[in-house]
Amino acid sequence: PLLYLNGEFIPEDQARVSVMDRGFLFGDGVYEVIPAYAGLPFRLREHLDRLNNSLAAIRMTPPLDHEQWSQILHRLLQQRGSEDQQIYLQITRGAYGKRLHAIPEQVQPTLMAMASPINRRDPELVARGMSVITLEDIRWQRCDIKAITLLANILAQSQAREEGADEAILVRDGLANEGTASNLFMVKEGLVITPPKSTHLLPGITRDLVLELAMEDGIPYAEASISADELESADEIWITSSTKEVMPVTRLNGKPVANGLPGPMWERMDALYAACKERLRLRT
Ligand code: PLP
């Protein structure tokens, strides 16, 4: 398959980037992951808006507009026809002659995008529910930027795996903000709760969609902080992301969440989410 690199479509195994690229040297860049169903990108405008917010936060001018990205992504997706796919898109500040911390004035960004078959949710895991642990959040103070620097997320995810869990919920000052690659929801007495947007979490596209679907369907919801202690008495816990969609969490720190089964509110939201994806398919 071909990928997009700096204005060209080239075979994946022939794509090359300079070792002087600031993405390689400093992790100086941002990214997006965009799901595509039946060959159509899902929530594209929202993803591209977030990309531009990430770029603005790291003092970069958007190198392409939404229409230009849209054309590139459609060309990439066409290669696998109407298969469900995911786009990985990355922009780094580019290659500069010297390794300088300060942002150079004259530097051309490196643009890359590629499509691959989607990491489908494991139906067994959906049925059983995920197991999570809480960990201290050791990330920086700008988790709202979708930055390619993911070491803290990688370490937390690995620790979760080592402890037999599927994901880690990151806790800062006693508050559970999000997962290593997902947003956090809790259901308590019929109310769906997710932490408000802040610099301590990524404004997830799936998070926003879940709130939108709750509103449309008349499900009571609130954006409110969730303490790590409160999580222990949740009726339901969910995590969300573009590829995981809405996943039920049935174990927290080795103990069952409520009765240890995916809850009824999750079932309702999962069905609303599936219907929303289906509406995209019907547009083909
Ligand atoms: N939070 C973090 C840290 C993430 O890396 C991700 C995505 O992978 C999310 C939340 C979920 O965001 P989205 O729903 O836009 O995929």
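Here UniProt numbering is used: the first residue of the sequence shown is 6, the next is one more, and so on.
Even glycine gets a Cβ: it sits at the ideal position worked out from N, Cα and C.
A quick note: this is a predicted structure, and the numbers were derived from the prediction, not measured.
query                                                                                                          : result
Option nearest Gly134 by Cα separation, candidates Val262, Thr255 and Leu287                                   : Thr255
Member of Met270, Ala276, Lys260 and Asn182 whose CA lies at the smallest distance from the CA of Asp149       : Asn182
Outcome for Trp243 when other beta-carbon atoms lying within 10 angstroms are tallied against a minimum of 16  : buried
Ile159, DSSP secondary structure in three states                                                               : helix
Among Gly99, Ala219 and Gly28, nearest to Ala152 - alpha-carbon criterion                                      : Gly28
Sheet register partners of Met191 (DSSP bridge)                                                                : Ile198 and Ile242
Straight-line Cα distance separating Arg104 from Pro269                                                        : 54 Å
C-beta contact flag for Leu82 and Ala41 at 9 Å                                                                 : yes
Check: Glu172 C-beta below 8 Å from any heavy atom of the ligand PLP                                           : no
Asn188 beta carbon near the ligand PLP (any heavy atom closer than 8 Å)                                        : yes
Near the ligand PLP: Glu228 beta-carbon under 8 Å from a heavy atom                                            : no
Under 9 Å between C-beta atoms of Met65 and Arg98                                                              : yes
Met135, DSSP secondary structure in three states                                                               : strand
Candidates Ser238, Ala219 and Thr199: closest to Ser230 by CA position                                         : Thr199
Cβ-based burial, Pro201 [other Cβ within 10 Å; buried from 16]                                                 : exposed
Own chain residues within Cβ distance below 8 Å of Arg177, not counting five before or after                   : Glu141, Asp142 and His205
Given 8 Å, three or more beta-carbon pairs between the region 210 to 221 and the region 274 to 283             : yes
DSSP three-state assignment for Val35, whether helix, strand or coil                                           : strand
CB-CB length for Leu189 against Pro225, believed under 8 Å                                                     : The Cβ separation is near 18 Å, so there is no contact.
Every unbroken beta strand (DSSP E) within the region 72 to 134, with a cutoff of 3 residues, ordered by chain : 90 to 97 and 115 to 122
Local conformation of Ser59 per DSSP, three classes                                                            : helix
Per-residue burial, Asp18 [other beta carbons within 10 Å of its own, 16 or more giving buried]                : exposed
Paired residues, beta bridge with Gly184 - DSSP                                                                : Ile174
Extent of the continuous beta strand (DSSP E) to which His273 belongs                                          : For clarity, residue 273 is Arg in the given sequence; the question names His instead. First-last for Arg273: Pro269 to Leu287, but that is the alpha helix (DSSP H), not the beta strand (DSSP E).
DSSP-derived helix/strand/coil call for Leu206                                                                 : coil
Straight-line Cα distance separating Ile138 from Leu257                                                        : 6 Å
Ile39 and Ile92 closer than 9 Å at C-beta                                                                      : yes
Per DSSP, cross-strand counterpart(s) of Ala152                                                                : Val35
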